[in-house]
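Notes follow once the structure below has been shown.
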Amino acid sequence: MNKTLTRLFEQHQLNRQELTDLIIAALENPQPLFRLARETTARHYGDSVFIRGLIEFSNYCSRNCLYCGIQRANRSLDRYRLTEDEILDCCHQGAELGYNSYVLQSGEDGYYTDEILVRIIRRIKQQFPKAAIALSIGERDFSSYQQLYRAGASRFLLRHETANQHLYHRFHPQMSFTERQQCLLNLRKAGFNIGAGFLVGLPGQSLADLVDDLLFLKQLQPEMVGIGPFIAHPETPLGGYKNGSLEITLIMLAIARLLLPLSLIPATTAVTTLKSAGRSQALLAGANVVMPNLTPTAAKVKYELYKNKAGIADDSQQALNKIKDVILQAGLIPDLGRGDPVKKIINRESAKC
Ligand code: 5AD
């Protein structure tokens, strides 16, 4: 694996077969991969780990993604929407704690028209002009994305979920693989920094599928990459399946870092839910973002993508303190700045040739 890994480290690309061999070798001994992934992160972002405040503002969803606990068909879930003022309060609390970066996440909730979302984004930007706003609210049409961007949101997270179109259609009834990918392109065209990413350990997912996910990311070149293990939720059709593997998730994350050295990659809550040390392991395998929760406790317990979500009992202050401790324990530095992506510097001389 050494030669292949060195080439990935130096050239940031590998073909399908090399990626497959690398993953198999890393399953035996992942440490060299993790070390180089961490070194790559350090080269571009130093020791900073960017902290974003997550605001889960509605758990209504019109979709029925088979793995997801907030899917429309889950009748046992108590639904909520935060009011506009409550969302603003979350940002105020965040600002007092030092945050400069917010992620507004919800199910695909038709209640939020463009007009409502634009008003929320404008209000946040009016009160916190320097803060970065990321949205994670699913598929919308191009004109909607344009309006949200013009209102002041600059980042958008929309995982591609899986690059295998058969798996995609199996797990996302009435959704389209090509439309999902078109949404990512539309988001970029509208001006957003985009976040794509996938689930690890979906039932029926093969090693070849994971390699395709990595190649998909390499081709798309998103500014942000979210990779997390599938966690079986008992009130979904996939409730009886095994959770995804933490080890494989970490290997995917490390390879994503080496393929896309400039990307921002979160240590996801799902990783921490599988194992409490998961977050620091992810930070030492190439992740450089964390998203502690700013959602009021009464609401956040209902934002149940999966059960036993890590940190569910903590208030915003505790969540932040705990995450800062994990970052420091890993020998890294908590950073409450906007955490913008480093962009490639185009070499003007070579561009002329
Ligand atoms: N396990 C792990 N991740 C999940 N997500 C949704 N449901 C689950 C689950 N049961 C992820 C999806 C989505 C993101 C917001 O949460 O990948 O894009």
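431 is the number of the first residue of the sequence shown in the working numbering; add one for each residue after it. Virtual Cβ for every residue (Gly too), placed ideally from N, Cα, C. Since this is a predicted model, take the numbers as computed values, not measurements.
Residue i - DSSP class collapsed to helix/strand/coil
| i | result |
| --- | --- |
| M721 | coil |
| I550 | helix |
| V731 | coil |
| R437 | helix |
| R509 | coil |
| S488 | strand |
| K773 | coil |
| D765 | strand |
| I517 | helix |
| E665 | coil |
| G540 | coil |
| A620 | helix |
| S706 | coil |
| I481 | strand |
| P696 | strand |
| I500 | coil |
| G716 | coil |
| F586 | strand |
Where the beta strand (DSSP E) through residue i begins and ends
| i | result |
| --- | --- |
| V533 | S531 to S536 |
| M654 | M654 to P659 |
| S566 | A562 to S566 |
| L750 | Premise fails: L750 lies in the alpha helix (DSSP H), S746 to Q759, not in any beta strand (DSSP E). |
| L375 | Nothing in the structure corresponds to residue 375, since the chain is present only between 431 and 783. |
Residue i, buried or exposed, once every other Cβ within 10 Å from all chains shown has been counted against 16
| i | result |
| --- | --- |
| A707 | exposed |
| D571 | exposed |
| D642 | buried |
| P664 | exposed |
| T679 | buried |
| N723 | buried |
| V533 | buried |
| L690 | buried |
| L457 | exposed |
| Y376 | With the chain covering 431 to 783 only, the question about residue 376 has no answer from this structure. |
| P603 | exposed |
| T698 | buried |
| E609 | exposed |
| V772 | exposed |
| K782 | Interpretation of K782 is limited by its pLDDT of 41, a score under 50 that renders its predicted location unreliable; the figure taken from the coordinates is listed afterwards. Flag for K782 reads exposed. |
Nearest-angstrom Cα separation, counted from residue j out to residue i
| i | j | result |
| --- | --- | --- |
| C498 | T470 | 33 Å |
| A626 | L588 | 5 Å |
| N599 | E526 | In the sequence as presented, Asn is not what sits at residue 599; that position holds His. Their Cα atoms are separated by approximately 43 Å. |
| S710 | R585 | 25 Å |
| L647 | K730 | 30 Å |
| P726 | K560 | 23 Å |
| Y575 | K433 | 43 Å |
| A715 | I453 | 14 Å |
| S746 | I695 | 22 Å |
| K754 | L762 | 9 Å |
| R465 | I757 | 17 Å |
| Q577 | D544 | 7 Å |
| D519 | Y529 | 13 Å |
| F439 | Q759 | 26 Å |
| A467 | Q461 | 10 Å |
| V719 | A503 | 32 Å |
| L713 | L463 | 13 Å |
| L668 | S492 | 18 Å |
Start-to-end residues for the alpha helix (DSSP H) that takes in residue i
| i | result |
| --- | --- |
| F572 | F572 to A581 |
| I685 | L676 to L689 |
| F646 | L637 to L650 |
| Q823 | Look at the range of the chain in this structure, 431 to 783, and you will see that residue 823 is not part of it. |
Proximity test, residue i beta-carbon vs the ligand NAP heavy atom, cut-off 7 Å
| i | result |
| --- | --- |
| G499 | You won't find the ligand NAP in this model; what it holds is the ligand 5AD. |
Quiz item: Does the stretch 733-750 touch the stretch 701-708, meaning 3 or more C-beta pairs lie closer than 8 Å?
Solution: By the Cβ test, the stretch 701-708 is in contact with the stretch 733-750, since at least three Cβ pairs between them sit closer than 8 Å.
Quiz item: Between the stretch 561-581 and the stretch 535-544, are three or more C-beta pairs nearer than 8 Å?
Solution: The stretch 561-581 vs the stretch 535-544: in contact.
Exercise. Give a yes or no on contact between the stretch 505-522 and the stretch 474-489, applying the rule of three or more CB pairs nearer than 8 Å.
Key: The answer is yes - the stretch 474-489 touches the stretch 505-522, with three or more Cβ pairs under 8 Å.
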